[in-house]
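Below: one structure, written as structure tokens.
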Ligand code: URA
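In the working numbering, the protein residues as written are 3 to 236.
Right, here's the structure in full:
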């Protein structure tokens, strides 16, 4: 005689849910109950690996002409990641992004929305200073955008702030105009994950065109509002 094995759990599950009128939401995400120190350690080791890759880059005009690599600065566990263009003279000397005049303005912009600079994570599209501070060429932007994408995946921010046309080109392509695209929340997919992103003017541009600061202020207020709406702790 053949015995019919019924998986009672599976057969009755939906009926029981119907009976109790429960809308069951299936989620694959694991529930995070504790602070996992190993995540942080893993992040640091991934950042070190990425640093090595950028240090080992060869046949690069930027690397050849600069003093050192400028990788990133700030809190790698920050929910906010800021991306600029590339190191200038001061950054090349100090090995840190945004430490010159544009950096001073960036710090003030962050303070205006109650964010202390060490609380965010900052990097650039290219990690070596372009000769004479020229804009990185499209081929250089494309080459470094592979590292940048990896950098974003490792930091895994809740909000990504792209400052200026080079950051926009690296992640959205060449065809957009920053003056049209700034101040709009967008989605950016990097390595299969979607990041909430906003484009805004680069602080160095604002130093040259102070009358544009009013638009930058609009963008900063949008960022602050989003941080509050999403209850992001920073
Ligand atoms: N401009 C940038 O884009 N990045 C820096 O680090 C400094 C100036």
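Cβ atoms here follow ideal geometry from the backbone N, Cα and C, with glycine treated the same way.
query, result
"Alpha-carbon spacing of residue 73 relative to residue 191, whole angstroms", "22 Å"
"Unbroken stretches of the beta strand (DSSP E), 3 residues or longer, contained in the region 181–229", "187–192 and 195–202"
"Outcome for residue 75 when other beta-carbon atoms lying within 10 angstroms are tallied against a minimum of 16", "buried"
"Among 48, 71 and 120, the one whose alpha carbon lies nearest that of residue 82", "120"
"8 Å Cβ shell around residue 170 - same chain, five flanking residues per side excluded", "164, 178, 180, 183 and 201"
"C-alpha gap between residue 226 and residue 61, whole angstroms", "41 Å"
"Candidates 193, 233 and 186, of which the one nearest residue 222 by Cα", "186"
"Proximity of residue 102 and residue 90 at Cβ, strictly below 8 Å", "yes"
"Exposure of residue 205, with buried meaning 16 or more beta-carbon neighbours within 10 Å", "buried"
"Contact belief for residue 160 with residue 198 at Cβ below 8 Å, rounded distance in angstroms", "7 Å"
"Collapsed DSSP secondary structure at residue 103 in the structure displayed", "helix"
"Length of the line joining the Cα atoms of residue 46 and residue 97", "18 Å"
"Simplified DSSP state of residue 167, which is helix, strand or coil", "helix"
"Proximal residues to residue 48 (C-beta, below 6 Å), its chain only, five neighbours per side dropped", "156"
"Simplified DSSP assignment, three categories, for residue 75", "strand"
"Whole-angstrom distance between residue 231 and residue 63, CA atom to CA atom", "43 Å"
"Cβ distance (whole Å) where residue 56 is taken to contact residue 149 below 8 Å", "5 Å"
"Span separating the alpha-carbon of residue 26 from that of residue 235", "Unreliable positioning characterises residue 26 in this predicted model, as indicated by a pLDDT of 49, which lies under 50. The coordinate reading is nonetheless provided below. So the alpha carbons of these two residues sit roughly 30 Å apart."
"Close Cβ partners of residue 146 (< 6 Å) along its chain, the five nearest in sequence each way excluded", "127 and 128"
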